[in-house]
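J.: Anchor point for the sequence shown: position 196 equals 688 in our numbering, and the numbering is continuous, going up by one each time. Each residue gets a CB set at the ideal place from its N, CA and C atoms; glycine is no exception.
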Amino acid sequence: MRKVTKDNITEVFAGYFGEDTDPRVREVLTGLARHLHDFTREVNLTHDEWRKGLEFLEWAGRITNPERNEFVLLSDVLGLSSLVDMIHSVPGATSSSVLGPFHVSNPPPLAVGGDMKRNFDGQVVLVEGHVRDQQGNQIANATIDIWQTAPNGMYSSQDPDQDIHSFHALMTTGEDGRYAFTTVRPVEYTVPNDGPVGKILDAAGRHPWRPSHLHFIVKADGLRSLVTEVFPDDDPYLDQDTVFGVRDDLIMNYVEQPAGSFPDGFELTGRVPEAYSRVVFDFTLAQATA
Ligand SMILES: [Fe+2]
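(1) Can you find a heavy atom of ligand 1 that lies under 7 Å from the Cβ of glycine 645?
(2) What residue range does the beta strand (DSSP E) around leucine 777 cover?
(3) Does aspartate 607 pass the burial test, meaning 16 or more other C-beta atoms within 10 Å, or should it be called exposed?
(4) Would you check whether ligand 1 has a heavy atom nearer than 7 Å to the C-beta of histidine 705?
(5) Suppose the cutoff is 6 Å on Cβ atoms and the five residues either side in sequence are ignored; what does the same chain contact list for serine 717 look like?
(6) What are the boundary residues of the beta strand (DSSP E) that threonine 675 is part of?
(7) Do you know how far the Cα of asparagine 745 is from the Cα of alanine 767?
(8) For a test of your reading of the model: does the CB of phenylalanine 736 fall under 7 Å from any non-hydrogen atom of ligand 1? Yes or no.
(9) Considering just the uninterrupted stretch of the beta strand (DSSP E) at lysine 711, what are its terminal residues?
(10) Please state the DSSP three-state secondary structure of glutamine 615.
(11) Nearest CA to the CA of asparagine 644: which residue from Asn685, Tyr681, Leu591?
(12) Is serine 587 near arginine 739, with beta carbons less than 8 Å apart?
(13) Between the region 649 to 669 and the region 616 to 630, do at least 3 Cβ pairs fall closer than 8 Å?
(14) Can you give me the Cβ contacts of alanine 563 inside the same chain, cut-off strictly under 7 Å, excluding the 5 residues immediately before and after it?
(15) I'd like to confirm something about glycine 606: is its beta-carbon nearer than 7 Å to some heavy atom of ligand 1, or not?
(16) Is phenylalanine 594 near ligand 1, with its Cβ less than 7 Å from a heavy atom?
(17) Thinking C-alpha only, which one of Ser753, Gln732, Asp756, Phe758 is nearest glycine 571?
(18) Which value, in whole angstroms, describes the spacing of the CA atoms of threonine 513 and histidine 529?
(19) Buried or exposed: where does tryptophan 639 fall if 16 or more other Cβ atoms within 10 Å of its Cβ makes it buried?
(20) Taking only three categories from DSSP, how would you classify leucine 791?
(21) With a Cβ-Cβ cutoff of 8 Å, do glutamate 721 and histidine 699 count as a contact?
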């Protein structure tokens, strides 16, 4: 391997694998090296810039811990997480979107029609819909893992004043595939911007804000699990999401309802005399792949 040049190094790399290398590993590494080499040649990367890049990765490693993963955040703000989501989305099924770092394990069960807002103040929202397959069948016993920010813009894991399960719930659909719960309107928030990823956002003239959203993980036997988020159509950051998570089919309407119209069948029935909002959002799950 003596005659390596700047023009043939990608080819040399592609030819330098052990005979038993897994074909997929070979494909991914060859593609990675091809794009990395092309990128380096295209921007004429300097030694200083190369060193800064490695220092960036080292800093990201130092700041990463079980509660904070700077590499996931880097993937998010570069659009990589969303690109992987979109490449593997199934036409006709509800789009997936980023999981984010604030999901907690073992969320408390909540019956259909249950109250997720507990004692928090904020604009009451009634969220409901159905889980269906792509043939339109309503799916019984689907589980819906739900989480969101409190009105102060913080998830429970960020906020010592909330118990870890506040604004987290696990719902199971009945025979009709329906889910429904009450909550308060989630609010916009910023991704962590006090580390190396924040430096990238600053350098790029970008803000760290995300539009407000409800997070969902929907699972049902024989269907592909869905990790997604749902956004209100009037959010000011809808077209500036710093992690590129918004999709057209994930935008919903908060429809204002008059005072005194809160419907029967909810845990808060009789306890919401004022105006509230209502959101209807249906989930369509794709067939599971073998
Ligand atoms: Fe979130």
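T.: Taking the structure as given:
(1) Along the sequence shown, read from residue 1 onward, the residue named residue 645 stands at position 153. Because no heavy atom of ligand 1 lies under 7 Å away, the Cβ of glycine 645 does not count as near it: no.
(2) As a position in the sequence shown, residue 777 is number 285, starting the count at 1. Where leucine 777 is concerned, the enclosing beta strand (DSSP E) stretches over 775 to 777.
(3) In the sequence shown, the residue the question calls residue 607 occupies position 115. Burial call: buried.
(4) Sequence index remark: in the sequence shown, residue 705 carries index 213 (1-based). The answer is yes for histidine 705.
(5) On the sequence shown, position 225 is the one that residue 717 refers to. For serine 717, where only same-chain residues beyond five positions count, the Cβ hits under 6 Å are Lys711.
(6) Position 183 of the sequence shown, counted from the first residue, corresponds to residue 675. 670 to 676 is the extent of the beta strand (DSSP E) around threonine 675.
(7) Here residue 767 is taken as the residue at index 275 of the sequence shown, counted from 1. Here residue 745 is taken as the residue at index 253 of the sequence shown, counted from 1. Each residue's Cα considered, the two are about 16 Å apart.
(8) Residue numbering aside, residue 736 sits at position 244 when the sequence shown is read from its first letter. Because no heavy atom of ligand 1 lies under 7 Å away, the Cβ of phenylalanine 736 does not count as near it: no.
(9) Within the sequence shown, numbered from 1, the residue matching residue 711 stands at position 219. Taken as a continuous stretch (DSSP letters only), the beta strand (DSSP E) holding lysine 711 covers 706 to 711.
(10) To locate residue 615, count along the sequence shown from 1; it is residue 123. Coil at glutamine 615, not helix or strand.
(11) The residue you call residue 644 lines up with position 152 of the sequence shown. Cα-wise, what sits closest to asparagine 644 is Tyr681.
(12) Against the sequence shown, residue 587 aligns to sequence position 95. Against the sequence shown, residue 739 aligns to sequence position 247. Yes, these two residues count as a Cβ contact at 8 Å.
(13) yes
(14) Taking the sequence shown and counting its residues from 1, the one referred to as residue 563 is at position 71. The identity of residue 563 in the sequence shown is phenylalanine, whereas the question assumes alanine. Within the same chain, phenylalanine 563 has close Cβ partners Ala552, Thr556.
(15) For the purposes of this step, residue 606 is taken as residue 114 along the sequence shown, with counting starting at 1. Flag unset: Cβ of glycine 606 not near ligand 1.
(16) For the purposes of this step, residue 594 is taken as residue 102 along the sequence shown, with counting starting at 1. For ligand 1, at least one heavy atom lies less than 7 Å from the Cβ of phenylalanine 594.
(17) Translated into positions along the sequence shown, residue 571 becomes position 79. Per the Cα distances, Gln732.
(18) Walking along the sequence shown from the start, residue 513 turns up at place 21. Walking along the sequence shown from the start, residue 529 turns up at place 37. Cα-Cα distance, rounded: 21 Å.
(19) Mapped onto the sequence shown, residue 639 falls at position 147. By the neighbour-count rule (16 or more Cβ atoms within 10 Å), tryptophan 639 is buried.
(20) Residue 791 falls outside the range modelled here, since the chain spans only 493 to 782, and no answer is possible.
(21) Position 229 of the sequence shown, counting from 1, holds the residue named residue 721. Position 207 of the sequence shown, counting from 1, holds the residue named residue 699. Taking 8 Å as the Cβ cut-off, glutamate 721 and histidine 699 do not qualify as a contacting pair.
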